[in-house]
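In this note's numbering, the protein residues as written are 742 to 882. Glycine is no exception: its CB is placed at the ideal position from the N, C-alpha and C atoms. Some notes on the structure that comes next.
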């Protein structure tokens with residue numbers, strides 16, 4: 742019961758700190774889909790162990806990119822230079838040489854004030870938007 746209560750409290754806090762700052766939709770499973778800088782992200786709370794709740798953020802930076810060595814090299818360089826999150830290239834098997842680029846970041850939120858939680862989420866989302874801009878520009882996929 743305590744684990745479920747902690748999960749709900751953090752999910753409620755996350756919703757409150759994002760509300761009014763970013764547009765979002767709440768999904769049936771409690772995840773928030775947020776939009777920032779021509780990207781969108783799933784932000785959710787997950788329990789790793791009793792008393793350890795994490796915020797899990799997966800941001801879609803670009804999709805259906807025409808895959809070539811230039812894109813691979815750009816993503817590799819951007820992944821190397823990105824501190825807040827892991828930038829990944831996912832090749833689509835059935836996509837005929839296309840790929841998606843994501844940023845993932847997980848962090849424990851216990852002890853963070855609402856302002857610190859909001860700031861960290863915004864920093865990660867802004868990092869993703871910057872990676873997208875460097876990769877494809879605002880008009881890209």
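Endpoints, the beta strand (DSSP E) within which residue i is located
i	result
residue 828	827-832
residue 773	773-777
residue 767	765-767
Alpha-carbon spacing of residue i relative to residue j, whole angstroms
i	j	result
residue 799	residue 806	18 Å
residue 823	residue 872	8 Å
residue 755	residue 797	11 Å
Residue from the options whose Cα sits closest to the Cα of residue i
i	options	result
residue 770	787, 795, 842, 862	787
residue 842	828, 834, 848, 855	828
residue 759	870, 856, 874	856
residue 804	867, 814, 840, 765	840
Exposure of residue i, with buried meaning 16 or more beta-carbon neighbours within 10 Å
i	result
residue 860	exposed
residue 852	exposed
residue 868	buried
Residues that residue i bridges to, as DSSP identifies them
i	result
residue 841	831
residue 898	The structure shown does not extend to residue 898, since the chain is modelled only from 742 through 882, so no value can be given for it.
residue 820	Residue 820 is not bridged to any residue.
The ligand FAD heavy atom lying under 7 Å from the CB of residue i
i	result
residue 825	As for the ligand FAD, it is missing from this structure, which has no ligand bound.
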